[in-house]
Every structure is written in C-alpha cells, then in structure tokens.
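Q: Here it is, the structure in full.
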Amino acid sequence: MKLNLKVKNIVLIILVTIQSSNALGQFIIPSPSFTEYQTSVTVGAYNTGNDILDFGGNNYFVSVSSSLNNAGLYWNFNNGSATGYAYFASGASDIYHADVCLVVDQNNNEIHAIVGWYYGGTLGSPSFYIEDYLWDGSSAFNYVTSTFVNGTFGTTLNVDGDDLGNFIMVYDESNTLYALSGDINFGSFNMNNSGNAVTIGLNSGLYPDVSIYSDATPGNQIVHLTYVDGSGDLNIEYDTYSNIAANTPSFTAWTGPISPATSGYFISNPRIASPNSSGAYDDWTVVWQEDDRTMTYYIKGLNSKGGSLSAIYTYNDGTYTNSVMPLFDVQNSHPVVAYDYNSTPTIWIGWIFDNRTGFYGYMNCFSSLYPIGLKCNDVALPDPAFDYWQVPNIVTNDLEIYPLSLASRYASSDQLLLTYYFANSTPEVWNKNVSSSSAIEFRIDNNVIATSDLNDLIDKEKIFILFDSKGNKVLEHISKQNEMEKLMQDYKLPPSIYFLQVISDKGKTYIGRKLFIN
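Here it is as structure tokens:
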C-alpha cells in the first residue's frame with residue numbers, strides 16, 4: 019500500500035513496511051546440514067566470471083577477475099583438494115573485463131579453461147584476448163596459448179562453452195557485435211575463421227551475452243544471443259555454431275525487439291542462459307536491468323520453455339508470492355542467470371542491490387551494496403516457497419560486495435558456484451560452492467504491515483530521520499506527519515533525492531520511499 023503526500027514542491031511516497039527494532043542487523047543462519055566450500059584470493063577485482071563442471075567424477079570450479087594490476091584465473095578442484103591462482107599469461111594489468119568457461123576435449127578427455135578478456139593497451143595495442151589453460155590432471159590449470167584481435171572495448175565481453183569442446187566469446191565495439199569462436203580437439207586449441215572476429219546479430223548493439231546449447235550431438239549446437247540494439251530495445255536471437263564458425267552468420271529472432279515498458283526508461287546489461295543437454299534447444303532465460311537512471315530500477319526477465327514464451331517478469335517489485343519485498347527505489351543492476359543440472363531445472367537469478375543509504379530497512383536487509391537473488395522454477399518464476407536470498411550470508415552493514423557470477427548447469431547433482439568481489443575484505447574475490455538445495459538459506463526475510471496497523475503510521479507521533487543520497491543524516495525530528503512535512507518545507511533543503519526513515523512510538527521502523535525535492 020502506498021500513501022502519496024504532496025507538500026508544495028516536496029513529493030513523498032511511502033511504502034508501508036515494518037520491522038521490529040530489535041531485529042535490525044540480524045540475518046538467517048544456514049541450517050546445520052548446510053555445506054559450503056569457500057575459497058578466496060586477493061586480486062582487487064573490478065569484474066568476475068565463473069564456471070563449474072563435473073567430469074569423470076571430479077568437480078572443477080574456475081573464476082576470473084579483471085583488475086588494473088593483477089587480473090587472472092582462479093581454480094578449485096574437488097571442493098578444495100587443490101586450489102590455485104595464476105595471472106593471465108598475456109598480461110595481468112589494465113584488464114577491463116574477463117570471463118571464463120570450462121570445456122572438455124572429448125578426444126583426449128582433457129579439461130580446458132577458456133578465458134576471454136580485454137587489454138586496455140597501456141603497454142601495447144588495445145586488444146580482445148582469448149587464452150587457453152589446460153588442467154594438469156592433479157593440481158593446476160596451466161597456460162597453453164592465446165589469440166587476440168585489436169579493438170576498442172565497448173560495454174561488455176562474455177564467454178560460453180558447450181560439452182563438446184566448442185567455445186565462443188562475444189563483445190561490442192563501436193555499436194557493432196562481434197564473436198570469436200573455436201574448439202579444443204585432440205589436444206589442440208583451434209580458432210575459427212583464422213582467428214578473426216565475425217560480425218553477429220541482426221542489429222547494431224551493446225551489452226552482448228551468449229549461451230551455447232548442445233544436445234551432445236556434434237553439429238547440433240545453438241548459439242543464443244542477447245543484446246540491446248541501437249534503438250534501445252532488447253533483442254534475443256539464435257544461430258547455429260557452425261554458421262558462426264564458417265563466418266556465415268544467419269541469426270533469427272526468438273521474439274520481436276522488446277522496448278522499455280515505460281517511456282524514458284532504459285534497458286541495459288541483459289544476460290542469457292540455457293540448459294544442458296537434458297533441456298531443449300529452444301529453452302532459455304534472459305534477464306535485464308530496466309531503469310530511469312535516477313529513481314526507479316527494475317530487474318526483469320523473459321523465459322522460453324520449448325519455444326513457448328512467458329510473460330515479462332519483474333523480479334524486484336513485490337509481485338510474486340512470498341517474494342514480496344519491493345526493492346526498486348534504489349539501484350538494482352547487473353543481473354545474472356544460470357540453469358542447474360536437472361532435467362526440470364531450477365533457474366537461479368541474481369543482481370546487485372545498492373542499499374548503502376539504508377533506504378530499505380526490511381528485516382535482515384542491510385545498508386550495504388551486495389548481491390541478492392531468487393530461486394526460480396523451470397520457467398523462471400520465483401519459487402513461492404522461498405524469499406530473496408542474500409550473497410554471502412555474512413552480509414552486514416557498510417559493505418561493498420559486487421558483482422555476482424553464477425554457474426551450475428554442468429555441475430554435479432547439487433552444486434551452485436557463486437563468485438563475487440568483496441571490497442571490504444582481504445582476500446577480495448570470493449568463490450562459494452554451495453549445495454543448491456540449501457542456497458535459499460541465504461535468503462532475506464521480509465514482513466509487510468497489516469492494514470490494521472496503518473493508524474500507527476498516520477496518527478501517532480514518530481521519529482522522522484531524513485538522509486541525503488550519500489546516506490548522511492540531514493534532519494531528525496519527533497513529530498506527527500503533517501508537522502514533519504512543514505518542517506521539511508521550512509528547512510529549505512537543496513534540490514535532491516532524499517530518503518526518509520520513520521520510527522513509531524511503539525519501536526517499529528517504517529521505511530519511506532524516496533523524497534524528491536525540486
């Protein structure tokens with residue numbers, strides 16, 4: 019329920035929510051049976067990517083980080099029996115973006131980590147790189163070779179691979195989409211099209227992401243592509259891997275371009291995922307960020323199940339049963355999506371939630387920048403049995419934890435790999451391999467005020483605390499609602515976005531929406 023109140027040039031929009039004051043700062047503790055393998059490394063990352071693979075009864079986990087000084091590849095074998103880290107062989111500094119996928123050389127039963135990244139060019143020409151690292155059979159991924167194409171970084175770079183040794187990296191440069199693809203066969207790292215980039219997609223675009231689907235039959239690989247075109251619309255397309263490898267791309271749209279639902283809003287950072295070979299070629303999920311860049315930030319998604327398209331979901335507006343926390347009045351950004359290993363898969367969705375102002379004060383909701391996520395069913399609808407979950411479970415106030423990467427589709431029977439940069443911690447890049455059935459123990463609880471309690475907000479004297487957009491307290495006053503509005507008017511606050519916290523005489527905390535003074 020919202021109460022809309024106007025006081026001259028002050029517009030106050032309050033979402034009525036509640037928490038007990040003695041519950042501030044608490045979080046859900048994982049159940050005793052919860053198993054977590056956590057490793058970390060110091061790299062000072064600005065971006066993370068990861069992948070997970072179960073092959074031959076062994077579990078392989080890899081993550082990458084980009085950094086201005088020491089970007090590289092991190093691995094974990096069989097839940098900690100062997101871990102390690104190596105700087106990218108072709109350069110460890112001035113790396114703007116990085117991603118990784120694991121592929122299997124089916125002829126030699128070798129495991130390779132294919133890493134893609136962009137070099138900014140301080141010591142040479144700006145270039146997009148692909149590096150190959152081979153698992154030595156016991157303890158480490160070792161550098162084999164690399165290739166690169168010169169270019170200028172646009173908005174993003176992403177990598178994916180299938181279960182037949184094929185890989186693809188997509189990126190954008192000057193509003194044009196490109197792909198570099200190749201394969202691992204008989205111990206050889208092979209690049210298609212003589213290592214040259216292939217122009218892809220139906221329109222010029224930004225923010226490309228890719229997912230390869232393979233039904234384990236050679237020649238049946240489908241490349242799913244998503245991006246934002248020159249008109250600002252979301253595009254979702256597909257082509258065969260063989261077409262891209264031969265430099266004869268022929269992309270087809272899964273659906274027409276998707277425009278922002280509201281005029282003045284922008285779509286950015288789309289991500290796409292598809293299942294393993296237990297699914298179908300026309301199964302996929304796309305998530306994206308849709309916002310007005312100032313006041314409202316939505317995380318949205320679209321699912322295809324056997325070619326049947328879902329409605330467009332909004333994951334952070336309180337729409338779905340038991341996932342009722344609205345979170346869209348602060349920045350929600352950089353969504354990610356992953357399928358798990360099942361034939362009827364769980365689909366995991368996450369994004370970055372910026373609550374550093376303390377604007378949202380739900381129970382277990384912290385004044386920090388950190389990832390949150392949802393457990394969804396096989397058509398990407400939030401599971402009604404579970405709330406949002408937080409990453410990691412050690413979140414407290416005054417932290418910065420970002421971005422988030424998820425991987426699970428080629429895992430063993432119950433694994434979910436999470437990678438994120440923990441700015442307040444040394445080591446800074448953290449990798450968690452958790453039981454996917456227990457991952458919802460990271461969830462954030464929420465409680466919504468009953469209608470019968472509205473008088474406590476409207477008629478009683480309360481503590482009003484006003485914060486600026488940086489989280490600094492600018493005004494605190496005990497009054498009734500109408501008195502506080504007059505005080506704010508008389509205070510002559512400079513034009514800006516403000517946040518209001520209201521504490522009732524019963525010790526209950528109500529969290530306001532935004533206070534915009536123009």
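Heads up, this note's numbering is the position in the sequence shown plus 18, with the first residue counted as 1.
Glycine residues also receive a C-beta, built at the ideal position from the N, C-alpha and C atoms.
Taking the alpha carbon of residue 253 as the reference point, which residue from 228, 324, 423 has its own alpha carbon closest?
A: 228
Q: Taking the beta carbon of residue 316 as the centre, do at least 16 other beta carbons fall within 10 Å, making it buried, or is it exposed?
A: buried
Q: Please tell me whether, using a cut-off of 6 Å, the distance from the CB of residue 221 to the nearest non-hydrogen atom of the ligand SAH is below it.
A: For the ligand SAH, the structure offers nothing, since it holds no ligand at all.
Q: Can you tell me where the alpha helix (DSSP H) with residue 260 in it begins and where it stops?
A: Start and end: 259-263.
Q: Under 6 Å Cβ to Cβ from residue 346, same chain only, skipping five residues before and after it: list those, please.
A: 314, 315, 316, 334, 335
Q: Is it buried or exposed for residue 289, if we count other Cβ within 10 angstroms and need 16 for buried?
A: buried
Q: Closer than 6 Å by C-beta to residue 214: which residues in its own chain qualify, once you throw out the five before and the five after it? Chain order, please.
A: For residue 214, where only same-chain residues beyond five positions count, there are no Cβ hits under 6 Å.
Q: Please determine if the region 368-380 and the region 406-423 are in contact, where contact requires at least 3 C-beta pairs separated by less than 8 Å.
A: yes
Q: Using C-beta distances below 6 Å, list every residue in its chain close to residue 72, excluding the 5 sequence neighbours before and after it, in chain order.
A: 429, 430
Q: Does the beta-carbon of residue 460 have 16 or more other beta-carbons within 10 angstroms, so that it is buried, or is it exposed?
A: Residue placement at residue 460 is flagged as unreliable, the pLDDT there being 44, under the threshold of 50; a coordinate-derived value is accordingly withheld.
Q: For residue 26, which residues in the same chain have their Cβ closer than 7 Å to its Cβ, ignoring the five residues on either side in sequence?
A: Reliability of the predicted coordinates at residue 26 is poor, the pLDDT of 32 falling under 50, and no value is obtained from them.
Q: Using only CA atoms, which one of 265, 132, 442, 165 lies nearest to residue 388?
A: 442
Q: Going straight from the alpha carbon of residue 493 to that of residue 174, what length do you get?
A: 41 Å
Q: DSSP three-state label for residue 109, please.
A: coil
Q: Quick check: the Cα distance between residue 197 and residue 282, rounded to an integer number of angstroms?
A: Going by the C-alpha atoms only, they are around 31 Å apart.
Q: Span of the beta strand (DSSP E) holding residue 307?
A: 302-309
Q: Apply the 10 Å Cβ neighbour rule to residue 319 and answer buried if 16 or more other Cβ atoms are within range, or exposed otherwise.
A: buried
Q: May I have a chain-ordered list of the beta strand (DSSP E) segments no shorter than 3 residues that lie completely inside the region 392-459?
A: 419-425, 434-440, 447-452
Q: How many Å lie between residue 379 and residue 386 at the Cα?
A: 11 Å
Q: Where does residue 237 sit, in a helix, a strand or coil, going by DSSP?
A: coil
Q: Does the beta-carbon of residue 427 have 16 or more other beta-carbons within 10 angstroms, so that it is buried, or is it exposed?
A: buried
Q: What residues in its chain sit with their C-beta under 8 Å from that of residue 128, if we drop five residues either side in the sequence?
A: 122, 152, 153, 202, 205
Q: Run the CB neighbour count on residue 462, radius 10 Å, all protein chains shown included, and call it buried at 16 or more, exposed below.
A: At residue 462, the pLDDT of 37 sits below 50, so the modelled position is not reliable and the matter cannot be decided from this model.
Q: By how many angstroms is the C-alpha of residue 510 removed from the C-alpha of residue 481?
A: 20 Å
Q: Using a beta-carbon distance below 7 Å, is residue 361 in contact with chain B?
A: Judged by its chain identifiers, the structure shown contains no chain B, having just a single protein chain.
Q: Does DSSP put residue 319 in a helix, a strand or coil?
A: strand
Q: Give every residue of the same chain whose Cβ lies closer than 6 Å to the Cβ of residue 53, excluding the five residues on either side of it in the sequence, and list them in chain order.
A: Only weak support is given to the placement of residue 53: the predicted model assigns it a pLDDT of 42, under 50, and the question is left unresolved by the model.
Q: Hey, is the region 245-252 in contact with the region 266-276, meaning 3+ C-beta pairs nearer than 8 Å?
A: yes
Q: Give a yes or no on whether the C-beta atoms belonging to residue 233 and residue 322 are separated by under 7 Å.
A: no
Q: Which residue spans inside the region 67-97 form an unbroken beta strand (DSSP E) run of at least 3?
A: Listed in chain order, they are 76-84, 90-95.
Q: Nearest by alpha-carbon distance to residue 366: which of 332, 401, 384, 160 is it?
A: 401
Q: Enumerate in chain order the residues of its own chain whose CB-to-CB distance from residue 157 is below 6 Å, with the five nearest sequence positions on each side excluded.
A: The residues are 100.
Q: Quick check on the DSSP output: the beta strand (DSSP E) that includes residue 482 runs from which residue to which?
A: DSSP places residue 482 inside the beta strand (DSSP E), whose first and last residues are 480-485.
Q: Measure the beta-carbon distance from residue 199 to residue 185 and round it to whole angstroms, keeping in mind my assumption that it falls under 8 Å.
A: Confirmed, Cβ separation roughly 7 Å.
Q: Going by DSSP, what residue range makes up the beta strand (DSSP E) through residue 163?
A: 159-168 is the extent of the beta strand (DSSP E) around residue 163.
Q: Which residue comes first and which comes last in the beta strand (DSSP E) that contains residue 136?
A: 128-137
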